[in-house]
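Engineer: Please see the structure below; I have some questions.
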Amino acid sequence: MSTAILSALPEEQSSLLQHLAHPHRVMHAGRAFWCGELHDRPVVLALSGIGKVAAATTATALIEHFGVARIVFTGVAGGVGDGVHRGDVVVAQDYVQHDMDASPLFPRWELPGYACSRLACDTALTAMLFEAANLCVTSASGLWGLKTIHGDAHRAHRGLVASGDRFVSTAHESERLRTALRDAGHDVLAVEMEGAAVAQVCHDYGLPFAAVRTISDRADDEAHGDFSQFVQTVASRYAEHMVLSFLQKL
Ligand code: ADE
């Protein structure tokens with residue numbers, strides 16, 4: 019059975035497509051799905067689309083129509099945790115939806131019907147992805163001359179990631195979001211716009227899910243400029259490197 023590799027943006031997917039053996043494109047639900055093999059492993063490459071609903075549709079199609087065995091998400095995110103810098107990588111241990119608020123019917127951030135706020139990623143896949151991410155960041159400066167602004171080496175982190183239908187692009191919003199979640203016991207490392215939706219779909223179908231996000235910006239006032247530049251120059255190489263070494267571990 020295939021492994022689905024989901025990316026949020028075409029730039030993130032482009033390098034993987036170049037490695038795809040026996041590629042064939044299938045159109046379904048208004049989306050292109052690329053079936054083939056990477057490192058002799060059957061895969062389906064897909065774009066999640068942007069935002070939680072688009073990502074949920076893509077994940078559902080991967081499960082219902084393509085019968086994938088697991089879903090792995092690669093993409094970019096804004097770093098909000100202390101010490102989570104641009105060029106670092108965050109492997110999601112679990113997910114929260116930072117814009118979920120059915121209060122006062124349910125506690126803030128709780129997923130109605132799930133009796134919890136956080137959905138965990140698959141432990142084994144996450145461990146493999148974390149290994150691949152560590153390999154990637156340690157070779158990043160050697161491979162691509164990627165330098166950190168702060169002088170330290172790039173790091174792979176593992177922890178809670180928050181998704182919501184907002185591109186977080188001011189320091190004020192980022193701080194407010196992070197502090198409110200932290201005060202409720204949810205210490206978030208990064209924010210993005212799709213992962214929690216895919217985690218929820220996979221939870222519903224009982225499918226293993228793992229996600230890795232390269233930090234493209236700090237979700238602050240410079241986030242927009244940082245984001246565009248980063249996606250074009252770095253994200254696709256990170257995705258290629260991490261996914262290929264992850265698949266070899268499967
Ligand atoms: N993906 C990458 N950067 C992001 C940000 N600042 N907010 C939401 N999603 C992102």
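Residue numbering for the sequence shown follows the numbering used here, beginning at 19 and increasing consecutively. A virtual CB, placed ideally from N, CA and C, is assigned to each residue, including glycine. Nothing here was measured: the structure is a model prediction, and the numbers come from that model.
1. I'd like the list of long-range same chain contacts for Ser135, defined as Cβ closer than 6 Å, with 5 residues on each side in sequence excluded.
2. Any idea which residues DSSP pairs Ser181 with across the strands?
3. Measure from the alpha carbon of Ser157 to the alpha carbon of each residue in His259, Cys139, Leu35, then state which is nearest.
4. Compute every distance between the C-beta of Glu149 and the non-hydrogen atoms of ligand 1, then say whether any falls below 7 Å.
5. Cβ of Gly93 within 8 Å of Cβ of Ala26?
6. Is the CB-CB distance between Leu80 and Phe264 below 8 Å?
7. Just to check, is the beta-carbon of Ala241 closer than 7 Å to a non-hydrogen atom of ligand 1?
8. Taking 8 Å as the cut-off, does the region 105 to 113 touch the region 215 to 235 (at least 3 CB pairs, one atom from each stretch)?
9. On the CB-based measure, 16 or more other CB atoms within 10 Å of its CB, does Tyr132 come out buried or exposed?
10. Leaving out five residues before and five after Arg176 in sequence, what residues of the same chain have Cβ atoms less than 7 Å from its Cβ?
11. What's the gap between the Cα of Glu3 and the Cα of Gln36?
12. Report yes if the C-beta distance between Thr188 and Asp117 is below 8 Å; otherwise report no.
13. May I ask which residues mark the beginning and end of the beta strand (DSSP E) holding Gly97?
14. In the DSSP assignment, the alpha helix (DSSP H) including Arg196 goes from what residue to what residue?
15. Could you tell me how far apart the beta carbons of Gly105 and Arg236 are, in whole angstroms, since I believe they sit closer than 8 Å?
16. Which two residues bound the contiguous beta strand (DSSP E) that contains Arg43?
17. Does the Cβ-Cβ distance between Ser121 and Val62 come in under 8 Å?
18. Considering only the beta carbon of each residue, do His40 and Glu55 sit closer than 8 Å?
19. Does the distance from the C-beta atom of Ser285 to that of Glu210 stay below 8 Å?
20. Is Met211 near ligand 1 - that is, is its Cβ less than 7 Å away from at least one heavy atom of it?
21. From the DSSP output, in three-state form, read off Ala133 for me.
22. Once DSSP output is grouped into helix, strand and coil, what is the label at Val102?
23. By DSSP, does Gly69 sit in helix, in strand, or in coil?
Structural biologist: Taking the coordinates as given:
1. Val114, Trp127, Glu128
2. Gln115, Glu210
3. Nearest neighbour of Ser157 by Cα position, chosen from His259, Cys139, Leu35, turns out to be His259.
4. no
5. yes
6. No, the pair does not count as a contact, with Cβ atoms beyond the cut-off.
7. yes
8. yes
9. exposed
10. For Arg176, where only same-chain residues beyond five positions count, the Cβ hits under 7 Å are Val109, Gln111, Phe148.
11. This structure gives no information on residue 3, because the portion of the chain shown stretches from 19 to 268.
12. No, these two residues do not count as a Cβ contact at 8 Å.
13. According to the DSSP assignment, Gly97 belongs to the beta strand (DSSP E) that extends over 88 to 97.
14. 189 to 201
15. In this structure Gly105 is not in contact with Arg236, their Cβ atoms being roughly 11 Å apart against a cut-off of 8 Å.
16. 39 to 46
17. Against a cut-off of 8 Å, the Cβ pair of Val62 and Ser121 comes out as no contact.
18. yes
19. The requested residue 285 does not occur in the structure, where the chain is confined to residues 19 to 268.
20. yes
21. coil
22. coil
23. If DSSP states are grouped into helix, strand and coil, Gly69 belongs with coil.
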